[in-house]
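Have a look at the structure below, then the notes.
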Amino acid sequence: MADTAEKAQSGESDVLIYLLCRVAAAVFNIVAVALFTRLSDAHLYGEYLIGFSICFIVYSLTVQWAVFAHFGTYTQAAADRFAGSLLVVSAVMAVPALGVIALLAALGTLEIHIAWGSAFLAVCFTAYFASTEIARARLRPGLVAIATILRSALSMMLGCIALVMFDSPTALLMAIGIAYALGAVPIFVFLSRTSWAKGFVWPQRRDVLGMLRYGWPLIFAFGASAGALNIDRIVLEHYTNAAAVAPYGAVMDLMKQTFLVLAEAISAGYIAHARKHMLNADGHEVGQVLRRSFVSQVFIVVFGSVAFLVLGRLVFGIILAPSYVDLALEVMPYLLIGNAILIMRAHYFGQIIYLGASSLLELVASVAMVAAAVAAAFALVPGMGPPGAAFAFAIGQVVALVILVIGAPASARMPIDWVSAGLLVATGFSLVVIGMALQVLLGRILGDIVNIVLIGAVSAFFAVRWNIFNIGEVAGKLMNRLARA
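Heads up: the sequence shown begins at 280 in our numbering, then just goes up one per residue.
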């Protein structure tokens, strides 16, 4: 009984819920990429990606800080008031976001029709991410799961309808925006029946000021971070054209739907519980939760990289339009490195921000990251093209992670399980070598089949043996039930 309570408090069950919902959402998102790249030409899809990137940068610069400031200052005793604070601050900050997009359109940096789509998407971003943050802070993973899956499923369906009916990047941007807005509806319905049953709970002045004091460095940090994550495709479009961005962006998005979706599921579950233990002054439990989180992140990085390296041609051939495959394989190694480092950087950032260290460190890391990414992009893209953009992305992530690791105070440094991490890395390296040898010896088709079974079996062994994502406990209960049947 105590065991069960301990596991529940560590966030294991929440992580499993987040994992399952993110996996389901990722399936919809991957299918969406496959459909979008086939229903549109490269130029249209490239314009959509640029519009989405601009929207993401502007949202990150103006609104996103409020989400993290809410979680960083949130207390359970004033949960309803803090929800009101987040919504009010987010709504106010959406105004300058729209102003920035309008300015970019007026200056000719962003085409008018793309600007309309980006502006609409920014408003929908604001509603969706504020609502899911409220649910996550209250430890309501089921609500977050519903919102996440609904948003992804609607993005796929509405996006396809927009392309078939209008064949326009603006229509696609607005369709994705509508999907985000509708994804937030279940959470707002829940709040209207519970926290706001007697009316909206308005924030107090001190709540808003507390969020501002905590989150002001993040205003610049998130803008810089979003710029670093998207500058590669923007510079690539500048030196080439939107059509060149399409395959590059599709590969990047595909990796994010596998790597980052799973990594975010880990952080969403573990970090929230780590903060709860921290507020209860239980330092031992904080360390235990973060150590499990670290091992889970390394598990994702290792087996995700192995799958792409060994099965990349098969994966890209199934999901992407045929004209995208060669470029996908060309940029894959650089993007794998960049995304692997991005996962660890984002995890380290979440730990530092939520567990008490100054957010100024993320500001320094983000500014250095965007400076390194911009410099690398302008230096490498003209001569190397898409591989240069991918390399620039990886360089930016390396710089940010180094600064976070060096600059973090001792009390906020990530607990690292070196033995488990070393074992995972060694296993991953062995699987890559064996996998490539099998493809040579057995041929591409049979070799891929054997590799799928081998990678699946080895990853399942570690997941069950170490109870990654609570899979070991679930498998044990299932086996017990089968034995009793």
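Cβ atoms here follow ideal geometry from the backbone N, Cα and C, with glycine treated the same way.
Measure the beta-carbon distance from A304 to L365 and round it to whole angstroms, keeping in mind my assumption that it falls under 8 Å. Not a contact, Cβ separation roughly 22 Å.
Backbone secondary structure at Y474 - three-state DSSP: A small correction: the amino acid at residue 474 is Ser; Tyr does not occupy that position in the sequence shown. Looking at S474 - three-state DSSP - the assignment turns out to be coil, as it is neither helix nor strand.
Evaluate contact between the region 520 to 537 and the region 344 to 364, counting only Cβ atoms and requiring at least three cross-stretch pairs below 8 Å. no
Could you tell me the alpha carbon to alpha carbon distance between N730 and L590, rounded to whole angstroms? 8 Å
Measure the CB-CB distance between S584 and A619 and report whether it falls below 8 Å. yes
For A284, which of helix, strand or coil comes out of DSSP? With a pLDDT of only 42 at A284, under the threshold of 50, the placement of this residue in the model should not be trusted; the figure read from the coordinates follows. DSSP places A284 in helix when its eight states are reduced to three.
Quick one: what's got a C-beta closer than 6 Å to Q718's C-beta in the same chain, skipping five residues either side? G726
Rounded C-alpha distance that separates M758 from T706: 27 Å
Taking Cβ positions, are I240 and L340 nearer each other than 8 Å? Shown here, the chain extends from 280 to 764; a query on residue 240 therefore has no answer.
Which two residues bound the contiguous alpha helix (DSSP H) that contains F479? Element bounds for F479: n/a, residue is neither H nor E.
Among residues of its own chain, excluding the 5 on either side of L765, which ones have a beta-carbon nearer than 8 Å to its beta-carbon? The structure shown does not extend to residue 765, since the chain spans only 280 to 764, so no value can be given for it.
Which stretch, first to last residue, makes up the alpha helix (DSSP H) that contains S699? W697 to L721
Close-in-space but distant-in-sequence residues of the same chain around A700 (CB under 8 Å, 5 per side omitted): F573, V574 and V577
Are the CB atoms of F445 and C334 nearer to each other than 8 Å? no
Rounded C-alpha distance that separates V704 from V711: 11 Å
Ends of the alpha helix (DSSP H) at R484? R484 to Y518
Taking the continuous alpha helix (DSSP H) assigned at Y327, which residues delimit it? A321 to T341
Proximity of A401 and Y338 at Cβ, strictly below 8 Å: yes
Less than 8 Å separating the beta-carbons of I622 and V580? yes
State the Cα-Cα distance for the pair W475 and G363, rounded to the nearest angstrom. 10 Å
Spatial neighbours of A586 within its chain, please: CB distance less than 7 Å, with the 5 preceding and 5 following residues excluded, ordered by chain position. I734
Tell me the DSSP secondary structure of G387 in three-state form. coil
How far does the alpha helix (DSSP H) with S434 in it extend, from its first residue to its last? P420 to F445
Going by beta carbon distance, what residues of the same chain come within less than 6 Å of G667, once the five residues before and after it are set aside? L659 and V660
Are the beta-carbon atoms belonging to D532 and V312 less than 8 Å from one another? yes
C-alpha distance - G478 paired with L470, whole-angstrom precision: 10 Å
Cβ distance (whole Å) where S397 is taken to contact L452 below 8 Å: 6 Å
Would W448 and L323 be called neighbours here (beta carbons separated by less than 8 Å)? The amino acid at residue 448 is misidentified as Trp; the sequence shows Pro. Yes, these two residues count as a Cβ contact at 8 Å.
Just to confirm, does V468 get its C-beta within under 7 Å of one of the non-hydrogen atoms of the ligand MN? In the structure on display, the ligand MN does not appear, and there are no ligands present to speak of.
Give me the Cβ distance between A652 and Y613, rounded to the nearest whole Å; I'm assuming they're in contact under 8 Å. The pair is not a contact, with the Cβ atoms about 13 Å apart (cut-off 8 Å).
Which class does W745 belong to by DSSP, given the choice of helix, strand or coil? coil
Starting from Y527, trace the alpha helix (DSSP H) in both directions and tell me its first and last residue. A521 to M534
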